[in-house]
Structures are given as structure tokens and as C-alpha cells.
Amino acid sequence: LYGGGFDQLIAQAVGLVIAFTFVFAMSYLTFAAIKATIGLRVTDEQEDAGLDIVEHGMYGYPEQFIPRAEFGGASTGPAASPAATTAITGSSTAPRTEEVPA
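Quick note: to get this note's numbering, add 2 to the position in the sequence shown (first position is 1).
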């Protein structure tokens, strides 16, 4: 092999296995200690309410709760959505406009 032969490759493989084993063991011990003390999961009630509310007392993404007209100034008239067109005309396609000769 380039630059060291099989001896170097074996030394690096042994180093890799040792590093992986050490990191895995330390991570396992850390998570086991956290699970034994404060726990890794929140309650179902906290999860349903949303962790932003439980932890910080406010929404993490408040734009979800602002009406569209206030947020972006977008039109909310009948032409704004295909569902509104379907409700008015009974067709899912927008009405055609024909050019008027001048």
C-alpha cells in the first residue's frame, strides 16, 4: 500500500477500533446517567402542548398563528385558491378569458 504498507494499515485499523469503542462506551455511560437522573423523554402532555410552550412559554414559529392577510399581505379573495374556484363554478379549472378583438 502507498506510504506505509500493511503494518501502517493495521495500526490505523486498531486505532479506529479503540477510538470507536471509547466513544461508544462514554456516550452510553453519559446517556445512562442522564436517563437515571432527569430522563431522556418529556411527558406526553408536554409533547402535545409543544416544547416551545413548555420550555420557553412562547411559540417557536409564531407565523403559523398569524392570518395570511396580516402576515404577507396576500389576497384572500375567490381567485386566491383553486378550492374557492371549485366552490363557485363547480370546476377545478379556472375560467378561461378570451381576448376581445380591438
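Here a beta-carbon is modelled for each residue, glycine too, at the ideal position from N, C-alpha and C. These numbers were taken from a predicted model, which means no experiment stands behind them.
Asked                                                                                              : Found
Could you give the residue range of the alpha helix (DSSP H) that holds T39?                       : 7-39
How many angstroms separate the CA atom of T39 from the CA atom of E49?                            : 20 Å
Please report the straight-line C-alpha distance between D54 and K37, rounded to a whole angstrom. : 22 Å
Quick check: what's the CA-CA separation for G5 versus T23?                                        : 27 Å
With E47 as the anchor, note down where its alpha helix (DSSP H) starts and where it stops.        : 46-51
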